[in-house]
Amino acid sequence: MEKLMHIKSVGQDIFLSYKEIHIPVSMHLHDYYELEIVLAGHGEQNLNGTVYPIGPGCVYFLTPIDFHAITPHGAMRIAHMAVSEAMVSAQMRMLFLNRRDNFLFSQDTAFTQTLQTLFELLLRETQKSDAYTAPMGKNILELMLLTLARAADSAPQSQVFSAPDQFHRALQYLFCHFREEVTLSSVARESGYSPNYFSALFHTITGERFVDFLAKLRLNYARMLLRSTDLPIARIAEKSGFSSVASFHRRFQCAYGCAPGKNRRML
Numbered sequence: 212m213e214k215l216m217h218i219k220s221v222g223q224d225i226f227l228s229y230k231e232i233h234i235p236v237s238m239h240l241h242d243y244y245e246l247e248i249v250l251a252g253h254g255e256q257n258l259n260g261t262v263y264p265i266g267p268g269c270v271y272f273l274t275p276i277d278f279h280a281i282t283p284h285g286a287m288r289i290a291h292m293a294v295s296e297a298m299v300s301a302q303m304r305m306l307f308l309n310r311r312d313n314f315l316f317s318q319d320t321a322f323t324q325t326l327q328t329l330f331e332l333l334l335r336e337t338q339k340s341d342a343y344t345a346p347m348g349k350n351i352l353e354l355m356l357l358t359l360a361r362a363a364d365s366a367p368q369s370q371v372f373s374a375p376d377q378f379h380r381a382l383q384y385l386f387c388h389f390r391e392e393v394t395l396s397s398v399a400r401e402s403g404y405s406p407n408y409f410s411a412l413f414h415t416i417t418g419e420r421f422v423d424f425l426a427k428l429r430l431n432y433a434r435m436l437l438r439s440t441d442l443p444i445a446r447i448a449e450k451s452g453f454s455s456v457a458s459f460h461r462r463f464q465c466a467y468g469c470a471p472g473k474n475r476r477m478l
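Residues 212 to 478 (our numbering) are what the sequence shown spells out, left to right.
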């Protein structure tokens, strides 16, 4: 379970939170930039197909082309920041999107402390609502991004992406279209690979079969609809991309141990 402890926003483009993670967070990506600082606890991060140990002081930064999953070893406490693409300058976007290594750091205490201090300053701005709040927030964010860029530029290049660009394109297509009638073949077509090769590559990188990964995306979306709407179960199944209500019930029961209707009452 991911427990939200505290969340604030600066305008509509920067969101800050402290959260606790107790169970694995399945593979996913975002349409925004994400910075997380591990404050307590240990676990593993699968970042773009490479698994890293993470613990207190570890910092990772994800762009809209990155995908990741987290496996906690017990409870983990994390400082989290999400930033819309509109808040990241074109120069920074070019730097962060055109690189060889993943942005994951755990070696420099001073670096982590700097980011934590800036995070706290940004969080403090959320308590204010005057004419200075927006420009202060933007400038603090820029300092954080520059700190990350400097660390990435000075770190030795150690690991080329395990996942090729074609795979990223296919995965982004899947995240945009999973609610539609997508198939392994249609997603593989986006990568330029044959379905058989793409299937094997998908399992190697994500550790999951394509069909199971697709079901997880649809189930996560269905649970969001259960929490936030009063839509009938049949409509939720349809909007989430399931071929039938029976298929939705079967997958949901297998994943969560209860029927969708019961889960809605528990949320």
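Glycine is no exception: its CB is placed at the ideal position from the N, C-alpha and C atoms.
Bear in mind the structure is a predicted one, so any value in this text is a computation, not a measurement.
- The beta carbon of A426 sits closer than 7 angstroms to the beta carbons of R462 from its chain, once the five residues preceding and following it are set aside; these are given in chain order.
- The beta carbon of H460 lies closer than 7 angstroms to those of A470, P471 in the same chain, with the five residues before and after it left out.
- By the C-beta density criterion, R434 is buried, having at least 16 other C-beta atoms within 10 angstroms.
- With fewer than 16 other beta carbons inside 10 angstroms of its own, N407 counts as exposed.
- DSSP places R304 outside any beta strand (DSSP E); the residue lies instead in the alpha helix (DSSP H), whose first and last residues are 301–308.
- Inter-residue distance for R429 and G260 is about 21 angstroms (C-alpha atoms, whole angstroms).
- Inter-segment contact for the stretch 312–321 and the stretch 445–456 is absent: fewer than three beta-carbon pairs are separated by less than 8 angstroms.
- With respect to the 7 angstroms criterion, M298 and L329 are not classified as neighbours on the basis of their beta carbons.
- Here L357 is exposed: its Cβ has fewer than 16 other Cβ atoms, across all protein chains shown, within 10 Å.
- Counting only runs that start and end inside the stretch 252–305, the beta strand (DSSP E) elements of at least 3 residues fall at 261–265, 270–273, 278–294.
- Out of T282, M238, E247, P283, the CA that lies nearest to the CA of G268 is found in E247.
- Judged by DSSP in its simplified three-state form, F389 adopts coil rather than helix or strand.
- The Cβ-Cβ distance between I281 and V249 does not fall below 7 angstroms.
- At a Cβ-Cβ threshold of 7 angstroms, F314 and F378 do not count as neighbours.
- In the structure shown, the three-state DSSP call for L437 is helix.
- In the same chain as A466, and ignoring 5 residues on each side of it, the C-beta atoms closer than 6 angstroms to its own belong to L430, in chain order.
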